[in-house]
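Asks: Pasting a structure below so you can have a look.
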Amino acid sequence: MQYKEFQQKRYKKIFLWTILSIFLLTLSAIFAISSGNGKLDFSIIPHLFLDSQKSMILYSIRLPRTIAAILGGALLGISGCAMQGVLRNPLASPYTIGIAQASAFGASFAIIALGVLEQNSGILQSVGIVGCAFISSMVCMILILYMGTKLSTMDSSSLVLAGVALGALFSSTTMMLQFFASDLNAAAAIFWTFGDLGKATWNNLTILSICFFLSILFLWKNHWKMDALSFGDEGAKARGVDVKALRITILIFATLSSAVVVAYFGIIGFVGLVAPHITRLVIGTSYGLLIPFSAIFGSILLITADVISKFILPPIIMPIGIVTSFMGVPLFLYLLIRKKSDT
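Just add 668 to the spot in the sequence shown (first one is 1) and you have my numbering.
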């Protein structure tokens, strides 16, 4: 009887948080679409369905930016959730294991060494920077997996340490590139690292959508294996999980999720770190729920940061990476204090 009551309370809690999170996501998206130049104008929303100048602003600027925040936050959320799960490290994120630093190196290499900004074609500029940033991220993950395979038994601590080492290497190499660059290219490379959702277009949103659905379907399909891994490597093996193969595949999909966001929009910190912690606090530790809710809370965090970025110094829109860092630090410290007080 007690177990039945416990399950009923659990299902009720999940249902309530599902409704609340969807409501918050919808509300934050409405605020994001309605905000611009430090002002809120909800009357602009009906113009989505009208042929007017305002509808052009919505379709070409605000709507792509808002959808980018939803998809980008969701991808960073599930990426951080997956990395924390397979590495069994609550501080694991695309930045802990060097993915963001590798992307920054790739973008800087494209801007400074390849000189993509000197190309007349805007398409070549975009493809060059995004392509190099994405390739660098995937190379970083391949190196981490190679080091983890060759130098150890593929345990979680060795992978995290390998990521930290590679992150430092990519950061120092990026600084060296920027040191020898011209003022214009150095400024462009540094500005790229700030993060900017204004780069969103319908074409790159299509790619983000495909990556999101592939990643979340794969991760959710393997959620029971990630639950088994919470019992330790030996406990997971006893439950029939190939721990080494699981870590490799999950980390590849997690890297894909974060790399595509960083490649298009620059470095956006703390979303992938904080969103899974919020989810654990309100939902629990089952990855069948952690994965989708991390996506939702990641979206809410990034949309909220986007709205705040428009009101700090209007009409200037602050880079989204700066806002997420300012939001993420106190929020993460609060979660740590809350977790410690609950234990």
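Every residue, glycine too, gets a C-beta built ideally from N, C-alpha and C.
Taking the alpha-carbon of ALA963 as reference, which of SER883, VAL991, ALA775, LYS893 has the nearest alpha-carbon?
Replies: SER883
Asks: Measuring alpha carbon to alpha carbon, tell me which of CYS879, PHE979, VAL911 ends up nearest LEU741.
Replies: According to the sequence displayed, residue 741 carries Gly and not Leu. Looking at the Cα atoms, CYS879 is the closest of the given residues.
Asks: DSSP has LEU981 in a bridge; who is on the other side?
Replies: Partner(s): ILE984.
Asks: I need the DSSP call for ILE936, collapsed to helix, strand or coil.
Replies: coil
Asks: By how many angstroms is the C-alpha of ASN872 removed from the C-alpha of PHE938?
Replies: 22 Å
Asks: Would you mind giving the Cβ-Cβ distance between SER804 and PHE773, rounded to the nearest angstrom? I have them listed as a contact below 8 Å.
Replies: 5 Å
Asks: Near VAL975, what residues of its chain come up, given a Cβ to Cβ distance below 8 Å and the 5 sequence neighbours on each side ignored?
Replies: SER696, PHE699, ALA700, SER703
Asks: Are the stretch 936 to 954 and the stretch 722 to 739 touching, with three or more C-beta to C-beta distances below 8 Å?
Replies: no
Asks: Return helix, strand or coil for SER747, following the three-state DSSP convention.
Replies: helix
Asks: Using a Cβ-Cβ cut-off of 7 Å (strictly less than) and excluding sequence neighbours within five positions of PRO732, which residues of its own chain qualify?
Replies: Short of 7 Å from the beta carbon of PRO732, and not among the five residues preceding or following it, lie these beta carbons of its own chain, in chain order: ALA868, THR869, TRP870, LEU873.
Asks: For the 8 Å Cβ check, are there 3 or more pairs between the stretch 893 to 909 and the stretch 759 to 774?
Replies: no
Asks: Using a Cβ-Cβ cut-off of 7 Å (strictly less than) and excluding sequence neighbours within five positions of GLN752, which residues of its own chain qualify?
Replies: PRO758, ALA760, PRO944
Asks: Pick out whichever of PRO982, PHE1000, LEU970 has its Cα sitting closest to the Cα of VAL991.
Replies: LEU970
Asks: Are the CB atoms of LEU958 and CYS749 within a distance shorter than 8 Å?
Replies: yes
Asks: Got a sec, what are the start and stop residues for the alpha helix (DSSP H) LYS867 sits in?
Replies: Taken as a continuous stretch (DSSP letters only), LYS867 belongs to no alpha helix (DSSP H), as it is neither H nor E.
Asks: Does DSSP put PHE773 in a helix, in a strand, or in coil?
Replies: helix
Asks: Can you check the stretch 898 to 980 for any alpha helix (DSSP H) of at least 4 residues that lies completely inside it and give the ranges in chain order?
Replies: With a minimum length of 4 residues, the continuous alpha helix (DSSP H) runs that stay inside the stretch 898 to 980 are 901 to 906, 911 to 933, 939 to 950, 955 to 977.
Asks: For ILE690, count neighbouring Cβ atoms within 10 angstroms of its own Cβ and tell me buried if that reaches 16, exposed if not.
Replies: exposed
Asks: Got a sec? Which residues, its chain only, sit under 7 Å from ALA775 by beta carbon, not counting five neighbours each side?
Replies: ILE797, CYS800, ALA801, ALA857, TRP860
Asks: Do the CB positions of ASN890 and ILE780 come within less than 8 Å of each other?
Replies: no
Asks: Looking at the secondary structure, which residues open and close the alpha helix (DSSP H) in which ALA854 lies?
Replies: First-last of the alpha helix (DSSP H) with ALA854: 851 to 860.
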